[in-house]
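Numbering (numbering that gives the first Met the number 0), first residue to last: 0 to 132. Positions of the beta carbon are idealized from the N, C-alpha and C atoms, including for glycine.
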Amino acid sequence: MKPLTIILILIAGVGIATVISMYGNTTQYVSFIEAQELSKDNPDKNYHVVCTLDKSFPVEYNPEIDANKLEFHAIDTLGTPFKVLFLQPKPQDLEVVEKVVLNGRVKGEVFLAETILSKCPSKYEDVPVAANP
Numbered sequence: 000m001k002p003l004t005i006i007l008i009l010i011a012g013v014g015i016a017t018v019i020s021m022y023g024n025t026t027q028y029v030s031f032i033e034a035q036e037l038s039k040d041n042p043d044k045n046y047h048v049v050c051t052l053d054k055s056f057p058v059e060y061n062p063e064i065d066a067n068k069l070e071f072h073a074i075d076t077l078g079t080p081f082k083v084l085f086l087q088p089k090p091q092d093l094e095v096v097e098k099v100v101l102n103g104r105v106k107g108e109v110f111l112a113e114t115i116l117s118k119c120p121s122k123y124e125d126v127p128v129a130a131n132p
């Protein structure tokens, strides 16, 4: 075999190995039920859940007692409610955001969120343009 062919095969092999290793570290967008099922087989893997805050339950956050503990209930896109535990300070304006993306895993009956990504609808609204007379 020619040296150029061997080098091309090695480069292709490294590229394939890189893609496979990166795929193993990615997270999936799932529902709470899917995250619960998947966490049984992979308890250390994180999953993304798109959800809204369940306003029928209070947001439990008391920074005087523990500034790194936030508990609330959320409803995923399929309508499944779930209790969420976030062991970091409460994100600003959590109660007024339209949707949040939780990144974490299920432990028992609780979703342990490592990150909360929120989208505040007022940031993305168009600014009214004044009409020119």
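In angstroms with no decimal places, state the Cα-to-Cα distance between residue i and residue j.
i    : j    : result
E113 : E97  : 20 Å
G12  : I6   : 10 Å
N61  : G107 : 24 Å
F110 : S38  : 10 Å
L3   : K44  : 40 Å
Y123 : K1   : Residue placement at Y123 cannot be trusted, given a pLDDT of 49 that sits under 50; what the coordinates show is reported in the next sentence. Taking the straight line joining both Cα atoms gives about 57 Å.
G103 : I64  : 24 Å
F56  : D40  : 30 Å
Beta carbon of residue i, beta carbon of residue j: below 8 Å?
i    : j   : result
I74  : T51 : yes
L101 : S30 : no
L93  : V49 : no
I115 : P88 : no
Short of 7 Å in beta carbon distance, which residues of its chain neighbour residue i, apart from the five on each side in sequence? Order them along the chain.
i    : result
T79  : S30, F31, I32
K68  : L86
K118 : V96, E97, K98
For residue i, which residues in the same chain have their Cβ closer than 6 Å to its Cβ, ignoring the five residues on either side in sequence?
i    : result
Y46  : T26, Q27, V29, A34
K105 : One detail in the question is off: residue 105 reads as Val in this sequence, not Lys. Counting only Cβ-Cβ distances below 6 Å, and skipping sequence neighbours, we find A34, Q35, S38.
P42  : none
Take residue i and list the residues in its own chain whose beta-carbon comes closer than 8 Å to its own, dropping the five residues that flank it on each side.
i    : result
D53  : F71, H72, A73, I74, P80
L155 : Outside the shown range of the chain, which is 0 to 132, sits residue 155, and nothing can be said about it.
A66  : P88
Does the region 66-85 come close enough to the region 0-16 to have 3 or more Cβ pairs within less than 8 Å? The region 0-16 and the region 66-85 do not touch, with fewer than three beta-carbon pairs separated by less than 8 Å.
Quick check on the DSSP output: what are the complete beta strand (DSSP E) runs of length 3 or more inside the region 29-89, in order along the chain? Within the region 29-89, the complete beta strand (DSSP E) runs of at least 3 residues are 46-52, 69-75, 80-85.
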